[in-house]
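In our numbering, the protein residues as written are 65 to 391. Beta carbons are placed, not taken as given, at the ideal position from N, Cα and C, and that holds for glycine. Scroll down for the structure; my scribbles are underneath it.
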Amino acid sequence: MEYHWPFAICVSFVAFFTVGAVFLLWKYEGAKAAVPCEEQTDPSLIGIVPIGYLSREELWSSCGGALNPRWLHHFRAICFVYLLALLLYNIITDGFGVYFFYTQWTFTLLIIYFALSFRLSLLHFLEERTMVSVNRIPPPKSTDHDILLHTHQETSDGVKSFDYEAGPPLPFARGEEKLEDAGIGGYVTQCVFQALLPAAMLTDLVYWVILVRPNSHHSFIDINMHAVNLVLLLVEFSLNSLRFPWFRISYLILWSAAYAVFQFTLHFTGLGHRWPYAFLNVDTPYAPAWYLFIIVFHGICFAICLLLALGKQSLWARFKLPVIGRQ
Numbered sequence: 065m066e067y068h069w070p071f072a073i074c075v076s077f078v079a080f081f082t083v084g085a086v087f088l089l090w091k092y093e094g095a096k097a098a099v100p101c102e103e104q105t106d107p108s109l110i111g112i113v114p115i116g117y118l119s120r121e122e123l124w125s126s127c128g129g130a131l132n133p134r135w136l137h138h139f140r141a142i143c144f145v146y147l148l149a150l151l152l153y154n155i156i157t158d159g160f161g162v163y164f165f166y167t168q169w170t171f172t173l174l175i176i177y178f179a180l181s182f183r184l185s186l187l188h189f190l191e192e193r194t195m196v197s198v199n200r201i202p203p204p205k206s207t208d209h210d211i212l213l214h215t216h217q218e219t220s221d222g223v224k225s226f227d228y229e230a231g232p233p234l235p236f237a238r239g240e241e242k243l244e245d246a247g248i249g250g251y252v253t254q255c256v257f258q259a260l261l262p263a264a265m266l267t268d269l270v271y272w273v274i275l276v277r278p279n280s281h282h283s284f285i286d287i288n289m290h291a292v293n294l295v296l297l298l299v300e301f302s303l304n305s306l307r308f309p310w311f312r313i314s315y316l317i318l319w320s321a322a323y324a325v326f327q328f329t330l331h332f333t334g335l336g337h338r339w340p341y342a343f344l345n346v347d348t349p350y351a352p353a354w355y356l357f358i359i360v361f362h363g364i365c366f367a368i369c370l371l372l373a374l375g376k377q378s379l380w381a382r383f384k385l386p387v388i389g390r391q
C-alpha cells in the first residue's frame, strides 16, 4: 500500500467503536432490575424491568394486541418464502461471490430474521391450538371403582398417593396466562431485528444516494435488495410489538465491524484484489474521512429507527391501543 497511516486510522475507528459496542452490551444486555427481588411485582412495569426486557407475548403480538396476530404470522411466512427464493436465484446466477458485498450480508440477515420470527409466531399458534383442544376435552366420567380408589388411596401419613386430577404435562398447555420472559430465541430474534432495520436503511440510502449513477440500469434483484427489502421491514416494524432499546445499536456496530474485518482480511491475505465499495478503500488519504462519514451515517440511521419506534408508541397511545412493547 502507498499510504499506511490512513489504514491505521481506519482500523482504529473500527476497533474503538467495536470496543464501545461490547461495553454497552456488557453494561445493559441482560442487566437485572435495580430493585430488590422482593419488591418486584409485575415485570411489565416501567422502572422495574431491565432496559432490554422482552416478554414472550411481544414476539407474536401484532400492533401491541390491536390486530389479530395472524396478520403478522402470514406476513412473515410470505416474506420468508419470497426472499429466500430471491436469494437462491441470486446465488445460482452469480455464485457465492455475491457475499463480497455488504448488501448480500444484510439481505441474508433479513431472511434469517423472517425465519426466526415466523417460527415464533408458529409456536404461538400451535400453543393456542393445543390449549383450545385441551379446553374442549370433556371431564372423564367417574365410576364407582374410581370413586373407591380416590377415597382409599391415602397412606398412613394422610398423604394421597394418587391424584385423580393430575395428568401428563402438555408441551403447549398452560392453565394460567402469565407474562413470560422471551427466552434466548426471543432475544436473538429481537437483536437481529434491531441490527437489521438500520442496516437495511443504511444499505439502501448508500446505494441510491452514493453508488447509483444517472441513467443506471436496475435489475429485478437490485430493486428487491435495495428497495423492497426496506419496505417489507417497515411493514414488519409497523405490525410487530418488538421494543427498540437504544443500547442495541451495539449489534449494528458489531455487524458492520465484522464486514469491515472480513474485507481487511481478504485484502491483506491476497484473496481480494478490489474493494467492493470505493469508500472502503484504505489505500487513499481520504479513507479516514470516508470511514468517519459511514460511522456517523450508522448513527443517523439508528436514530431514525428510534424516532420511528417512539412515533409508533405515541400513535398507539393516542388511539388508546394496548402497548405491549412499551419501554
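- Asn304 carries a strand assignment under DSSP once its states are collapsed to helix, strand and coil.
- In the DSSP annotation of this structure, the continuous segment of the alpha helix (DSSP H) that includes Ile358 starts and ends at Ala351 to Arg382.
- Under the Cβ criterion (8 Å, minimum of three pairs), the segment 241-261 counts as touching the segment 116-133.
- Beta-bridge partners assigned by DSSP to Asp245: Ser119.
- By the Cβ-count criterion, Ser320 is buried, with 16 or more other Cβ atoms from all chains shown falling within 10 Å of its own Cβ.
- Inter-residue distance for Ile313 and Asp268 is about 18 Å (C-alpha atoms, whole angstroms).
- Exclusion of the five residues before and after Pro352 leaves Pro70, Ile73, Cys74 and Phe77 as the residues of its chain whose Cβ lies within less than 8 Å of its Cβ.
- Residue pairing by DSSP places Leu131 opposite Ser126 in a beta bridge.
- Residue burial annotation: Lys376 is buried, with at least 16 other C-beta atoms found within 10 angstroms of its C-beta.
- The beta carbon of Thr170 sits closer than 6 Å to the beta carbons of Ala263, Ala264 and Thr267 from its chain, once the five residues preceding and following it are set aside; these are given in chain order.
- Just measuring C-alpha positions, the residue of His188, Ile155, Ala259 and Leu379 sitting nearest Gly363 is Ala259.
- Val256 and Ala291 have their C-alpha atoms spaced approximately 19 Å apart.
- The residues Pro340, in chain order, have a CB closer than 7 Å to that of Phe164 in the same chain once the five nearest residues on each side in sequence are set aside.
- Between Phe366 and Leu88, the C-beta spacing is not below 8 Å.
- Taking all protein chains in view, the Cβ of Tyr355 is crowded by 16 or more other Cβ atoms within 10 Å, so the residue is classified as buried.
- Restricting attention to alpha helix (DSSP H) runs no shorter than 4 residues, the segment 308-344 encloses them at 313-332, ordered along the chain.
- Arg120 places its beta carbon less than 8 Å from that of Ala246.
- Gly159: not part of any alpha helix (DSSP H); DSSP gives it neither H nor E.
- With fewer than 16 neighbouring CB atoms inside 10 Å of its own CB, Ala322 falls in the exposed class.
- For the 8 Å CB-CB criterion, Thr82 and Leu318 form a contact.
- Taking 8 Å as the cut-off, the Cβ atoms of Ala141 and Phe182 count as close.
- About 15 Å separates the Cβ atoms of Glu122 and Ser302, ruling out a contact at the 8 Å cut-off.
- Between Cys369 and Leu261 a beta carbon distance of about 5 Å is seen, short of the 8 Å cut, so the two are scored as contacting.
- By a beta-carbon distance limit of 8 Å, Asn288 contacts Leu150. Their separation comes to about 6 Å.
- The criterion of a C-beta distance shorter than 8 Å is not satisfied by Phe178 and Val299.
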